[in-house]
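Residue numbers (this note's numbering): 63 to 327.
Where is the CB? At the ideal position from N, CA and C, for every residue including glycine.
On a predicted model such as this, the values are computed, not experimentally measured, just so you know.
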């Protein structure tokens with residue numbers, strides 16, 4: 063049970079520090095650390111990451127940094143997509159899921175590392191107009207059909223990935239919000255955590271309907287993720303963003319290589 067707690071603390075800490083990385087590390091942690099199959103690891107990862115994300119969402123709501131209307135829209139469309147992802151997870155061979163998951167991890171690691179290389183020179187240049195704009199008067203989204211369609215699309219894609227791979231969806235939501243909205247990271251991370259918590263709840267319900275149950279070992283991992291989330295939230299203010307991004311990118315690529323080797327063997 064000790065290894066489960068240790069892995070859970072690590073996954074929760076990453077989730078708290080990045081708002082996007084816990085889910086993508088939870089499944090490999092369960093597969094390698096607790097010797098689970100992919101179909102078994104997916105719902106456990108979702109429960110753990112969903113509960114950890116809920117804690118982060120509560121912090122964000124208390125600080126007033128969660129864009130709750132956008133989060134509810136993305137969660138609603140994500141809830142529609144998650145049962146499709148669950149159905150795909152039950153139909154695809156476990157090795158295929160592992161290879162697909164590894165490919166996504168490499169992509170996430172590459173994108174995160176590129177983000178860390180961004181210079182102040184690039185940041186000073188004008189960017190094209192975002193699809194989802196923020197009102198200069200109210201500080202809230204200017205709701206248009208384009209805004210709703212963009213946020214709804216982000217939600218449904220993250221929902222499908224959540225159901226199929228148990229990754230929570232933050233690795234899609236965080237970069238998508240950064241690219242298509244004028245939100246700052248102070249709002250993007252807690253808004254992402256809110257969506258992860260809600261979509262994970264929808265998806266876990268789909269697994270429970272199929273008769274899924276949690277063992278004591280798995281429960282200890284879930285509890286540790288929630289504790290690690292609190293630790294990550296505490297330290298996130300004291301660590302440089304570039305260091306967090308590059309460390310997370312390196313871990314993603316390393317774990318992806320291990321998953322590929324395991325599935326090919």
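Using a Cβ-Cβ cutoff of less than 6 Å, which residues in the same chain neighbour residue i once the five nearest sequence positions on both sides are dropped?
i, result
"residue 256", "119, 128 and 133"
"residue 75", "290, 293 and 294"
"residue 161", "325"
"residue 238", "216"
"residue 195", "204 and 244"
"residue 148", "225 and 268"
"residue 87", "73 and 76"
"residue 320", "none"
Assign residue i to buried or exposed, taking buried as 16 or more other Cβ atoms, counted over all protein chains shown, within 10 Å of its Cβ.
i, result
"residue 110", "buried"
"residue 186", "Because the pLDDT at residue 186 is just 46, under 50, the model does not fix this residue reliably, and the point stays unresolved."
"residue 191", "exposed"
"residue 297", "exposed"
"residue 227", "buried"
"residue 171", "buried"
"residue 266", "buried"
"residue 271", "exposed"
"residue 313", "buried"
Please list, in chain order, all residues of the same chain as residue i whose beta carbon is under 7 Å from its beta carbon, the five residues on each side excluded.
i, result
"residue 157", "325"
"residue 240", "250"
"residue 308", "175 and 178"
"residue 288", "74, 113, 114 and 117"
"residue 197", "204"
Give the range of the alpha helix (DSSP H) segment to which residue i is assigned.
i, result
"residue 194", "No alpha helix (DSSP H) holds residue 194; DSSP gives it neither H nor E."
"residue 93", "No alpha helix (DSSP H) contains residue 93, which DSSP labels as neither H nor E."
"residue 280", "278 to 297"
"residue 168", "156 to 178"
"residue 271", "247 to 271"
"residue 215", "207 to 227"
"residue 123", "100 to 125"
"residue 202", "Taken as a continuous stretch (DSSP letters only), residue 202 belongs to no alpha helix (DSSP H), as it is neither H nor E."
"residue 233", "232 to 242"
"residue 128", "Note, residue 128: premise wrong, no alpha helix (DSSP H); not H, not E."
The ligand GDP and residue i: does any heavy atom of the ligand fall closer than 6 Å to the residue's C-beta?
i, result
"residue 311", "Among the components modelled here there is no ligand, and therefore nothing to report on the ligand GDP."
So, are the CB atoms of residue i and residue j less than 7 Å apart?
i, j, result
"residue 290", "residue 71", "yes"
"residue 221", "residue 140", "yes"
"residue 164", "residue 275", "no"
"residue 104", "residue 151", "yes"
"residue 107", "residue 89", "yes"
"residue 247", "residue 159", "no"
"residue 137", "residue 261", "yes"
"residue 315", "residue 168", "yes"
"residue 91", "residue 68", "no"
"residue 285", "residue 254", "no"
"residue 200", "residue 242", "no"
"residue 214", "residue 301", "no"
"residue 310", "residue 144", "no"
Strictly under 7 Å for the Cβ-Cβ distance: is residue i near chain D by that measure?
i, result
"residue 227", "Protein chain content of the structure displayed is limited to a single chain, and chain D is not contained in it."
If you drop the 5 nearest sequence neighbours on each side, which residues of the same chain put their C-beta closer than 8 Å to that of residue i?
i, result
"residue 234", "216, 219, 220 and 223"
"residue 209", "193, 194, 195 and 203"
"residue 322", "160, 161 and 164"
"residue 252", "81, 118, 119, 121, 122, 123, 125, 127 and 128"
"residue 184", "Any reading at residue 184 must be qualified, since the residue scores a pLDDT of 46, below 50, and its modelled position is unreliable; no value is offered."
"residue 282", "63, 66, 67 and 70"
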